[in-house]
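Colleague: Residue numbering for the sequence shown follows the numbering used here, starting at 1 and increasing by one per position.
Heads up, the beta-carbon is just placed ideally off N, CA and C, and yes, glycines get one too.
Take this structure first; my questions come after.
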Amino acid sequence: ILLDRPVKVNQEDFERTVLESGVPVLVDFYADWCAPCKMVAPLIDEIAHRQIGKMLVVKVDTDHAPDVAMRYEIRSIPTLIIFEDGEEIERSLGFEPERVRELVEEVVS
Numbered sequence: 001i002l003l004d005r006p007v008k009v010n011q012e013d014f015e016r017t018v019l020e021s022g023v024p025v026l027v028d029f030y031a032d033w034c035a036p037c038k039m040v041a042p043l044i045d046e047i048a049h050r051q052i053g054k055m056l057v058v059k060v061d062t063d064h065a066p067d068v069a070m071r072y073e074i075r076s077i078p079t080l081i082i083f084e085d086g087e088e089i090e091r092s093l094g095f096e097p098e099r100v101r102e103l104v105e106e107v108v109s
C-alpha cells in the first residue's frame with residue numbers, strides 16, 4: 001500500500017483499517033459528484049504526503065459506504081474526521097484547510 005497518498009477504504013474494511021489502526025487516521029468522507037469534496041482533495045493529498053509514517057489518510061465514498069456514513073452521522077460532505085485508538089477525536093465540516101492542518105499537527109506532534 002502506498003501511504004504517501006490517501007487510501008480508499010470501503011464499508012467492509014473500515015473497522016480494520018481505521019478503528020484498529022496503530023496510528024491516527026484522517027478520514028475524508030466524500031462523494032464523486034460533490035464539488036466541495038473536489039476542493040478538499042488536494043489538501044488531503046498534501047496531508048497524506050507530509051504525514052507518512054505518522055498518520056494514515058483514507059477516503060470513504062459515502063455513496064458506497066452508507067452504513068459507515070450513518071454510524072458517524074455524516075450529514076454533509078465533505079466531512080473530515082480524525083480517529084485515534086478507534087475513537088473520533090475531532091471533525092471538520094466543509095472546506096476548512098487551516099483548521100484541518102492545525103488539527104493534524106496537534107494529533108501527530
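Taking the alpha-carbon positions, what's the residue 33 to residue 54 distance?
Modeller: Within the sequence shown, residue 33 is the residue found at index 33, counting from 1. Within the sequence shown, residue 54 is the residue found at index 54, counting from 1. In a straight line, the C-alpha of residue 33 is about 30 Å away from that of residue 54.
Colleague: What did DSSP end up calling residue 23 once you bin it into helix, strand or coil?
Modeller: By 1-based counting over the sequence shown, the position of residue 23 is 23. Residue 23: coil per DSSP, three-state reduction.
Colleague: With 16 other CB atoms within 10 Å as the buried threshold, where does residue 63 fall?
Modeller: Numbered from 1 along the sequence shown, position 63 holds the residue referred to as residue 63. Residue 63 is exposed by the Cβ-count criterion.
Colleague: Would you call the segment 14-30 and the segment 78-86 touching, i.e. three or more CB-CB distances under 8 Å?
Modeller: The segment 14-30 is in contact with the segment 78-86.
Colleague: Less than 8 Å between the beta carbons of residue 92 and residue 99, yes or no?
Modeller: Walking along the sequence shown from the start, residue 92 turns up at place 92. Walking along the sequence shown from the start, residue 99 turns up at place 99. Cβ distance < 8 Å, so residue 92 and residue 99 count as in contact.
Colleague: Taking the alpha helix (DSSP H) that residue 105 belongs to, which residues open and close that run?
Modeller: Here residue 105 corresponds to residue number 105 of the sequence shown, with the count starting at 1. Looking at the DSSP string, the run of the alpha helix (DSSP H) that includes residue 105 is 97-108.
Colleague: So, at 8 Å on beta carbons, what are the nonlocal neighbours of residue 49 in its own chain, with the 5 sequence-adjacent residues on each side left out?
Modeller: By one-based count along the sequence shown, residue 49 stands at place 49. These residues qualify, in order along the chain: 4 and 5.
Colleague: Is it true that the CB of residue 57 sits closer than 8 Å to the CB of residue 9?
Modeller: As a working note, residue 9 is residue 9 in the sequence shown. As a working note, residue 57 is residue 57 in the sequence shown. No, Cβ-Cβ distance for residue 9 and residue 57 is not below 8 Å.
Colleague: Over the uninterrupted beta strand (DSSP E) stretch that includes residue 59, give me the two end residues.
Modeller: Your numbering for residue 59 matches position 59 in the sequence shown. Here the beta strand (DSSP E) through residue 59 covers 56-61.
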